[in-house]
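Quick notes on the structure that follows.
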Amino acid sequence: MHSDRLESLLENSRGRPDRLIEVLLDVQDSEGYISEHAMRRIAQVLGVPLMNVYSAATFYKAFSLTPRGKHTCTVCMGTACHVRGAPLLLHELEGQLGVLPGMTTPDGLFTVERVNCVGACAMGPVVILDGAYRHHMTPAALRKVIRQLRKAEGQAEVKTNA
Amino acid sequence: MPELTSVQSLAELRRQITARRASFKTTITICGGTGCSASGSQPVVEALRRELAGRGLQNTVLLRTTGCHGFCEQGPLMVIDPGGIFYCHVTPDDAAEIVARTVVEGQVVERLLYTDPVSGRKIRTESEIPFYKAQNRVLLSLNRLVDPTSIEDYIAIGGYAALEKVLAGMKPEEVIEQIKASGLRGRGGGGFPTGRKWESCRAAHGSPKYVVCNADEGDPGAYMDRSLLEGNPHSVLEGMIIGAYAIGASHGFIYVRREYPLAVKHARQAVEQAREYGLLGKNILGTGFSFDVEIARGGGAFVCGESTALMASLEGRPGEPRAKDVHTVEAGYRNKPTNLNNVETWANVPHIINRGAQWFAAMGTEGSKGTKIFALTGRVRNTGLVEVPMGTALRTIVFDIGGGPSNGAAIKAVQTGGPSGGCLPAEKFDLPVDFEALDQAGSMVGSGGMVVMDEHTCMVDVARYFLEFLLDESCGKCVPCRLGIDRMLEILNDITAGRGTPQQIELLEDLAQTVAQASLCGLGKTAPNPVLSTLRYFRHEYEAHIRDRKCPAGVCRALISYSIDAAKCTGCGVCAAACPSGAISGAKKQPHTIDAGKCTRCGICRSECRFNAIMVA
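The listed protein sequences derive, respectively, from chains S and F. Last residue of the first sequence: number 165 in my numbering, and the count goes up by one each step with no gaps. Last residue of the second sequence: number 623 in my numbering, and the count goes up by one each step with no gaps.
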């Protein structure tokens, strides 16, 4: 990550161990992941042992230690979405992209995520694609969305399903 | 804006705002909550703004984007005052007609009105719609009246008047007495009496003292806290300031989930505005009382809704709970006395101060007072946020407000209380919804999620779902929770995959007891509830999976097969074209068939078929 950007995120947290989660969230939002370099620097600036930074970065779901794909597709797995068919959506996505939740496709295009409820329960099942909420999703609609994105990225469609 | 330096200056400001706004003859309110935003409310706002500017109406028509109105299923929602005309499913293309007909001519655009699904009648105003009619929206009704990014909107409707009243002449002990007399109990799930908590925290030794707002609403299927913080953040903040005054706290936190970006943004703005206006910070309203609030985001861990885990997270550590032999009101954040209340609890405080403890205590039942917001979701016609007095019957909520089944399938259960709660069967729908009644029935009010389930919902799968959720969210600190849930999940995986044995049910009950008794925090202690309540009321479904190797609801993939109803199939070929595994075949305009060997049960054909011809059994 660009060190100027990291330094500016750390600016108000010098010597503040209590700011650890906030700082990690800022880095995650800005860079899409927490690099080893970032963890070492955070430990230094906040005055926290590196082990504690690593411990927090691996405890909370918000953080990823590997870079994210170009597109992130998050399936809401809350109860309301579940009873309206969210597992079928996740299954479809896994089949289409060949990766499990938390993983990124080898070409770096897609990251699949699952989240335990985004609080848009009335609109379920919900899929969040690059920050935009798609409501009342069906496996077929999700398939089309992935197909369109693939096309836009100049990739051939994959015809098999898991 | 000059800082308010006395209690009187706040009332003066309220008069000024009202006078300044007298020029607006019409108000158009558009819901900008997460639900309506997802259905596209922002483009509607922009289209209306252009339309109003084009007609030179921007100074007489107030266009207000607000938080969630609750009836998310019908979004984007719009209300036009005076008259309270209620439009639903509004699109940008409707903007010109709305301005020309409704704003200018005062006529109603019939096609945008809500249609009552029972009578087929068009309904003109919000208050006449059955979904709203049976509710008592003390907290939620304010969402419609304020732009959450405007402190002046909140002040204009009487916001911060409770703080005014408290600072002008109430002693901290009197505030606590009021809250105690109201009977307010914690809305986050525990149901602990709020006034008693405040009293213990005030009496605790140590300084500084802290107050914290728990907005880490992790219960899947509940989103009232998001809606309140997103839609009316100042009401939560006002409650916190009053609480801090009563307890003697100088610093506060709002701990909010990062999965709620809009709530984070609005809470931050509200805190900044309150500081600018002198309602937070040093010497609030010139009374010598000082209090400030910081926003802390959660890192996406369900267990952080637990008080001790939340405080660990606030200190920058992993959210692992500790044993609560010493309560957080004695030693919480940084080992100092800390008072933690949920968003909805804080939002109730200004109302109690303004209207009096007696008013609040008059609503509800013997042990549960006031109103409670429920998130009504799942397989029910009207989904959204519902606020009713405590003690309202489940049936009223599901059928009168929720409108009953969404697609003709019989409703068989309601899951309340999230992963800590349980499933209540249809024969229990006459239960009054309050803390005691739901506890006795094997469930709980919890944070207020209500997920409706019908005959297409498999109760064994639901129990499995919650265990999977809890295993994923268990922090791993104590063994009963970490390993016990895993073992229970293994059994349910066996049962849903068709490998279950009758002996496993007994083992499941045994494990459930151990996990409930031996876990460290609430997450583990209540983890077996979804399993125990489904075993109690839906044992026959478990037996069908084990004995008959059948999933009666048609959900568990290993136990179902897809087929096509020849009487309904028109041979349109949409399913065959959509099937990713080439399992569907048939001649044009002739009923198609599914090759069970090739079918992966992905559900695509079912979601594509327009004739409801795909059967799952």
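Glycine included, C-beta positions come from ideal geometry on N, C-alpha and C.
Residues of chain F with a Cβ closer than 7 Å to the Cβ of S/Y63 are, in chain order, G305, G306, A307. Fewer than three pairs of CB atoms, one per stretch, sit closer than 8 Å, so the stretch 19-39 of chain F makes no contact with the stretch 305-318 of chain F. The C-beta of F/F475 comes closer than 8 Å to at least one C-beta of chain S.
For F/Y229, there is no enclosing beta strand (DSSP E), since its DSSP letter is neither H nor E. At a beta-carbon threshold of 8 Å, the residues of chain F lying near S/N119 are G224, P226, F308, F475, D478, E479, ordered along the chain. Take the alpha-carbon of F/I600 and the one of F/R616: they are about 17 Å apart. Among the residues facing chain S, F/Q421 is included, as its CB has a counterpart in that chain under 8 Å away. DSSP links F/T72 through a beta bridge to F/C37.
Residue pairing for F/N499: DSSP places it in no beta bridge. Neighbourhood of S/C76 in chain F, by CB distance below 9 Å: empty, with the nearest CB roughly 15 Å away. Nearest CB-CB separation between S/L28 and chain F: below the 8 Å threshold.
Closest option to F/Y138, judged by alpha-carbon separation, among F/R107, F/A187, F/Q80: F/Q80. Bridge pairing for F/S591: F/T599 [DSSP].
Under the 8 Å criterion on CB atoms, F/R264 is classed as interfacial with respect to chain S. In this structure, F/A623 is the residue among F/V13, F/A623, F/P199 with its C-alpha nearest to the C-alpha of F/T463. Taking the Cα positions, F/N142 is about 6 Å away from F/E393. Boundaries of the alpha helix (DSSP H) around F/C581: 580-584.
Of all residues in the stretch 38-50 of chain F, the ones placed with a Cβ closer than 8 Å to any Cβ belonging to chain S are T40, G41, S43, A44, S45, in chain order.
Within 7 Å of the CB of F/S319, the CB atoms of chain S belong to I24, in sequence order along the chain. Taking 8 Å as the CB threshold, S/T69 stays off the interface with chain F. Comparing C-alpha distances from F/E512 to each of F/S587, F/R150, F/Y548 shows the shortest one belongs to F/Y548. Interface flag for S/S33 against chain F is unset, since no Cβ pair is found closer than 8 Å. Shown in chain order are the members of the stretch 378-396 of chain F whose Cβ falls below 7 Å from a Cβ of chain S: A381, T383, G384, R385, T389, G390. Closer than 9 Å at the C-beta level to chain S, one finds no residue of the stretch 115-127 of chain F. Counting along the chain, F/R26 sits inside the alpha helix (DSSP H) bounded by residues 13-26. Less than 8 Å divides the Cβ of F/G452 from the Cβ of F/S426. Per DSSP, reduced to three states, the secondary structure at F/D99 is helical.
In terms of beta-carbon proximity, F/V439 stays away from the interface with chain S, with every pair separated by 8 Å or more. Against S/A143, the close residues of chain F are A584, I610, S613, E614, in the order they occur along the chain (beta-carbon pairs closer than 7 Å). Less than 8 Å divides the Cβ of F/G428 from the Cβ of F/S539. Setting aside the 5 residues that flank it on each side, F/L473 is surrounded in the same chain by I491, M494, L495, L498, A533, P536, V537, each with a C-beta closer than 8 Å to its C-beta; the list follows chain order. Following the DSSP letters along the chain, one finds F/P154 in no alpha helix (DSSP H), marked with neither H nor E. Distance check between F/G362 and each of F/G376, F/T371, F/E350 places F/G376 closest, using alpha-carbon atoms only.
Under the Cβ distance rule, S/R146 counts among the residues neighbouring chain F, one pair being separated by less than 8 Å. For F/K271, the uninterrupted alpha helix (DSSP H) segment begins and ends at 267-282. DSSP places F/M621 in the uninterrupted beta strand (DSSP E) bounded by 620-622.
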